[in-house]
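See structure below.
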Amino acid sequence: HDALPISVVCKMAPKDKKSKKESWRFALDLTHPVEDGIFDSANFEQFLKEKVKVNGKTGNLGNVVHIERLKNKITVKSETRFSKRYLKYLTKKYLKKNNLRDWLRVVASDKETYELRYFQINEDAEESESED
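So this is what it looks like as structure tokens:
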């Protein structure tokens with residue numbers, strides 16, 4: 032009869048170890064387009080706060096997802112599972128909405144950071160082809 036409570040205690044022990052909270056943290060570097068004056072980082076921060084979905088609902092950030100802007104960098108911290116790909120998707124959606132998709136692209140600069148870069152346009156190569 033005493034053996035039953037001991038087995039229950041043993042099963043409960045591993046759950047206590049997993050009580051450490053995981054968090055996801057991603058950054059978006061907007062330096063180049065903001066400095067050139069074609070990108071509004073405050074407007075983009077507001078867009079993210081309105082569009083990020085938590086549990087299938089927009090505008091439901093609560094204390095789970097935190098979006099902060101520091102100069103030309105936006106940081107997204109999440110206590111629930113958050114996909115870096117989802118952040119890229121929302122960024123591309125914002126670029127399309129503001130007709131910037133033809134000039135800017137979203138590139139991963141490291142494991143936790145995306146960067147907005149300009150497309151590299153080689154005008155010299157196009158001119159040499161048209162001369163032939």
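Count along the sequence shown starting at 1, add 31, and that's the number in this note's numbering.
The beta-carbon is built from N, C-alpha and C at its ideal position, and this holds for glycine as well.
Buried/exposed call for A34, threshold 16 Cβ in 10 Å:
For the purposes of this step, residue 34 is taken as the residue at position 3 of the sequence shown. In this prediction, A34 scores a pLDDT of 49, lower than 50, which makes its location untrustworthy; the coordinate-derived value is nonetheless stated afterwards. Flag for A34 reads exposed.
With a threshold of 16 other CB atoms inside 10 Å of the CB of A73, please say whether the residue is buried or exposed.
Residue numbering aside, residue 73 sits at position 42 when the sequence shown is read from its first letter. Classification for A73: exposed.
Between T122 and Y149, which are expected to be in contact by the criterion C-beta below 8 Å, what is the C-beta distance as a whole number of angstroms?
As a position in the sequence shown, residue 122 is number 91, starting the count at 1. As a position in the sequence shown, residue 149 is number 118, starting the count at 1. By a beta-carbon distance limit of 8 Å, T122 does not contact Y149. Their separation comes to about 15 Å.
Pairwise C-alpha distance: F57 and H97
The sequence position of residue 97 within the sequence shown is 66, counting from 1. The sequence position of residue 57 within the sequence shown is 26, counting from 1. Roughly 11 Å between the two C-alpha positions.
Residue nearest to L59 in terms of C-alpha spacing, selected from R136, N129, G87 and Q151
Here the question's residue 59 lines up with position 28 in the sequence shown. Comparing alpha-carbon positions, the option among R136, N129, G87 and Q151 lying closest to L59 turns out to be R136.
Bridge partners for H63 per DSSP, in chain order?
Position 32 of the sequence shown, counting from 1, holds the residue named residue 63. Per DSSP, none; premise fails for H63.
Is DSSP giving F70 helix, strand or coil here?
In the sequence shown, counting from the first residue as 1, residue 70 sits at position 39. F70 falls in the coil class under three-state DSSP.
Roughly how many angstroms lie between the CA atoms of D133 and G87, to the nearest whole one?
For the purposes of this step, residue 133 is taken as the residue at position 102 of the sequence shown. For the purposes of this step, residue 87 is taken as the residue at position 56 of the sequence shown. Cα to Cα, D133 sits roughly 30 Å from G87.
What residues in its chain sit with their C-beta under 8 Å from that of L92, if we drop five residues either side in the sequence?
What you label residue 92 is simply residue 61 of the sequence shown in a count that begins at 1. Excluding sequence neighbours, L92 sits near K80, V83, V85 and I98.
CB-CB under 6 Å to T106, same chain, minus the five flanking residues each way: which ones, in chain order?
Along the sequence shown, one-based indexing puts residue 106 at 75. Closer than 6 Å at Cβ, skipping near neighbours: A58 and E99.
C-beta atoms of H63 and L147 nearer than 8 Å:
The sequence position of residue 63 within the sequence shown is 32, counting from 1. The sequence position of residue 147 within the sequence shown is 116, counting from 1. Going by C-beta atoms, H63 is nearer than 8 Å to L147.
Buried or exposed, going by whether 16 or more other CB atoms sit within 10 Å of the CB of L61?
Here the question's residue 61 lines up with position 30 in the sequence shown. That one is buried.
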